[in-house]
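Going by my numbering, the sequence shown opens with residue -2, and the numbers climb by one from there.
Using N, Cα and C, we set each Cβ at its ideal position, and we do this for glycine too.
Scroll down for the structure; my scribbles are underneath it.
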Amino acid sequence: MGQNSYLSAQLTLVFRETIQQFEALVEEHFSKNCMHILMACKAYLEGIPVGCAFESQYLESEGQKSNSTGFKLMLSKLVPKLVEAFTAKGYDCGEYSKTG
């Protein structure tokens, strides 16, 4: 997934209303995955390219480029909004709720 696609996907997470009849699915998905989403954001801000497994060691010699400065800037502004939206829903954001 490209950087712009990733940002667009994250922006949809802060929408206040869910499409009717999908509320339970969306609720379950984000309640289970909010920490993974925030961990991915942190990894991407630290230079792991979008689409790489952020749990593993990333080696720049793999031929992949780091994320652009613009992407990191936009993502750094988006993360606090994600934390706010997740917290408002009662999801555990762990350490991220303290940095908001």
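By a C-beta neighbour count over all protein chains shown, 10 Å radius and 16 as the cutoff for buried, is Leu22 buried or exposed? By 1-based counting over the sequence shown, the position of residue 22 is 25. It counts as exposed.
Leaving out the 5 sequence neighbours to the left and right, which residues in its chain are closer than 8 Å to Lys69 when beta-carbon positions are compared? Residue 69 sits at position 72 when you count from the first residue of the sequence shown. So the qualifying residues of the chain are Tyr41 and Leu42.
Extent of the continuous alpha helix (DSSP H) to which Pro77 belongs: To locate residue 77, count along the sequence shown from 1; it is residue 80. Note, Pro77: alpha helix (DSSP H), Thr66 to Ala85.
For Ala85, is the classification buried or exposed, using 16 other Cβ atoms within 10 angstroms of its Cβ as the cut-off for buried? Looking up residue 85 in the sequence shown gives position 88. The residue in question, Ala85, is exposed, as its Cβ has fewer than 16 Cβ neighbours within 10 Å.
So which of Lys39, Phe83, Ile45 and Lys95 has the shortest CA-CA distance to Ser73? Translated into positions along the sequence shown, residue 73 becomes position 76. It is Lys39 whose Cα lies nearest to the Cα of Ser73.
Which same chain residues, not among the five before or five after Lys62, have their C-beta less than 8 Å away from its C-beta? Looking up residue 62 in the sequence shown gives position 65. Here the set comprises Pro46.
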